[in-house]
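In what follows, a structure is listed as structure tokens, so that the remarks can point back to it.
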């Protein structure tokens, strides 16, 4: 039986066109884009073509504002640490939210060891940041606000445009971790009026190990990786040209197919939520009911553990996850779920279901039916469930 | 006519076996090694297989001592900045040489902005560091010595084992940029007694955009990229699995074929140097006559400019470079060549010729003959040459 992948957020399959472009790139074995000779010319042209495609996806004013990196995580580290170090003379205060990805949280924790101070703004029960709280947190020492776009565990989408307005008014730089949103929903850096966004190719059917960082012209930040003059001196190291070619093709398709993919995913998401509510009792759909990623559903199943559900679904060749792959293996309950006031037990019973262009309604229906049985089996064995029903 | 690539150091062609393994990886489209489900298991196994192969190449005591990065440059930044930040309380003094790659020099320059002090030890006319000078430079504030293995412009190989002994005796960490040596000549981290080495897949017929960092157990350094728990918490970000698979295969072949490749390259190097000396007047072969990379010749052609030679050779479909691709585009004379007391004009007339497994004697012979004609043509136009011969 074919595997039903409902864990797109960790392992988004390559588009066939991306796969073909990467295979062709490997066969051609382009030179080094930094070489002065003709082998370098060809490689350089291909690199810049990919940059144009990525720029178009986020409506960057110029391809030159895009830096290719090795992951969304590297982009986030580059943005946060780069701004912090370059602007230390102005101040050492940074504002974030309490539901950020580990890449943001741990970059900030690292900076606290060098004397930076971080204010973490709390979200409400839907996972939303209140812009008024961000406004209040700004001091004359604040140099950066970093708040994510779409949350990777509950899907909630933050009011980035409004937050950027506040930041600009106060002359503070704004970075957003847009790893889950770029290529999935429209992200327009000019319309948002944002300074920095981080994103990753594998979220929109491109390869793993390639990311992008948009840097608005004039933003002052240090490189994370110093050395040669690649990426206009902003990120040294010989480029992963094969991966970048894949990212370029994935970006072009994501841009062209944005509307059709969005309506497909919204249909699947509605079908999934409706089906789950109909067929399974005692569940919670987490995140904001409207302001939410189109390709993600966070589901808490009461009285049982998410890890057990994942394993039993895996035996039925259905792949889902309990949380960000980057945090799997950790036994602690998700900081995101605890931040939206889910109780500890419900947080432990939470699944993240993500899907994409190639996902079918049949797969969604099969998942609901199999999950129904898995939940029934697990609840039969659960002392918590028995107690609550007696 | 087929292109004769004598610029392996910037664009080392993929081994056919590496190419095939990467294409297969793209077709299989493995999952995310961090996922808890079965798609993750497969990806994780493949990742660890590649790590074992790389560990074997440098005789690492354990595969766990290898961290995969996105380039030799990232590895170098990670090692230098990571040791500097983690050991700041002990001291802020670092020792290096004056012929390091830009990745080392610029990482160090960055650290000087955060209060670190750098001592740069000079090399002799052959490009060799004198260990006694390193010994003298050590103070009780010294936390790190970073000296490269094989120089990327002149080929000189430093006495790393002796330098490591000094460092260990003084309780100072030792890092070596081994980008040009790992996979080209034997590099045995246990025999060297070294703490950290940086290396890159594309130097030994693997893909660009993948590097490695060896960290001896017990060495204290911060990650460069914080976030998820990948690479045992030492380097966050979803892995470039396709590239890493390619690096693993390239490492295995480099390890197996080390001796045959070495004797092939030594033969080519002798033939090249002998032929150049026979056929072209007024040339200088730079670097140490014996302690030198087997796959690199640095040649200064008096009275003419290297860039003109590169362009004319390019028209004849022969690819060489004037210096590190990372520094090409810069009009300044190479800091490496000036450090070995080459005069400015000779430094401007310098070519770096690098080759590898697939290079043939015929290609070397053709290069010498074409170069002879190119040099004659350019010297005919050179006022410098005419003056020196009247």
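Residue numbers (this note's numbering), protein chains in the order written: chain A, 3 to 392; chain B, 3 to 392.
By construction, the Cβ of each residue, glycine as well, lies at the ideal position given by its N, Cα and C atoms.
No residue range can be given for residue 334 (chain B), since it is assigned to no beta strand (DSSP E) and is classified by DSSP as neither H nor E.
Counting every other CB atom within 10 Å of its CB across the protein chains shown gives residue 219 (chain B) a total below 16, marking it as exposed.
Among the residues facing chain A, residue 389 (chain B) is not included, as its CB has no counterpart in that chain under 9 Å away.
If you draw a straight line from the Cα of residue 96 (chain B) to the Cα of residue 274 (chain B), it is about 38 Å long.
Closer than 9 Å to the CB of residue 204 (chain A) there is at least one CB belonging to chain B.
Under the Cβ distance rule, residue 378 (chain B) does not count among the residues neighbouring chain A, no pair being separated by less than 9 Å. Residues are counted here when their Cβ sits less than 8 Å from a Cβ of chain A; for the segment 145-171 of chain B the count is zero.
In the displayed model, residue 357 (chain B) falls within coil according to three-state DSSP, outside both helix and strand. Taking the Cβ atoms as the reference, residue 160 (chain A) lies roughly 15 Å from residue 186 (chain A), outside the contact range of under 8 Å. Residues of the segment 245-271 of chain A with a Cβ closer than 7 Å to any Cβ of chain B, in chain order: 245.
If the five residues before and after residue 267 (chain B) are omitted, its C-beta is found closer than 6 Å to the C-beta atoms of 296, 297, all from its own chain and listed in chain order.
The alpha carbon of residue 258 (chain A) has as its nearest neighbour, out of A:55, A:43, A:31, the alpha carbon of A:55.
Taking 9 Å as the threshold, the shortest C-beta distance from residue 286 (chain A) to chain B does not fall below it.
Here residue 43 (chain A) is actually not in contact with residue 234 (chain A); their C-beta atoms are around 18 Å apart, not less than 8 Å.
DSSP, read as helix, strand or coil, puts residue 189 (chain A) in coil.
The DSSP assignment places 104-114, 133-139, 162-171 as complete runs of the alpha helix (DSSP H) inside the segment 92-177 of chain B, in order along the chain (cut-off: 4 residues).
In the DSSP annotation of this structure, the continuous segment of the alpha helix (DSSP H) that includes residue 272 (chain A) starts and ends at 260-281. Chain-ordered listing is empty here: chain B has no CB closer than 8 Å to the CB of residue 6 (chain A), the nearest sitting near 11 Å. For residue 77 (chain B), same chain residues with a beta-carbon under 6 Å away, outside a window of 5 residues either side, are 71, 200, 213, 215 in chain order. Residues of chain B whose Cβ lies closer than 7 Å to the Cβ of residue 227 (chain A) are, in chain order, 75, 76, 79.
Straight-line measurement puts the Cα of residue 168 (chain A) at about 45 Å from the Cα of residue 148 (chain B). At the C-beta level, residue 57 (chain B) and residue 248 (chain B) stay beyond 9 Å of one another.
Look at residue 373 (chain B) here: in three-state DSSP terms it is helix.
Residues of chain B with a Cβ closer than 8 Å to the Cβ of residue 358 (chain A) do not exist, since the nearest Cβ in that chain sits about 13 Å away. Closest option to residue 39 (chain B), judged by alpha-carbon separation, among A:123, A:321, A:180, A:69: A:321. Counting only runs of 4+ residues, the alpha helix (DSSP H) found wholly inside the segment 38-86 of chain A occupies 40-59, in chain order.
Proximity to residue 90 (chain B) across B:386, B:114, B:165 peaks at B:114, based on C-alpha coordinates. The criterion of a C-beta distance shorter than 9 Å is satisfied by residue 157 (chain A) and residue 290 (chain A). For residue 312 (chain A), the three-state secondary structure derived from DSSP is helix. Its chain contains 311, 314, 315 as the residues whose beta carbon lies nearer than 7 Å to that of residue 376 (chain B), once the 5 sequence neighbours on both sides are disregarded; these appear in chain order.
Inter-residue distance for residue 171 (chain A) and residue 252 (chain B) is about 53 Å (C-alpha atoms, whole angstroms). Taking 9 Å as the cut-off, the beta carbon of residue 319 (chain B) is found closer than this to the beta carbon of residue 4 (chain B).
The C-alpha of residue 232 (chain B) is placed about 7 Å away from the C-alpha of residue 36 (chain B). Under the three-state reduction of DSSP output, residue 387 (chain B) falls in the helix class. Under a criterion of Cβ atoms nearer than 8 Å, the residues of chain B adjacent to residue 31 (chain A) are, in order, 15, 16, 21. As computed with DSSP, residue 288 (chain B) is found in a beta bridge with B:300.
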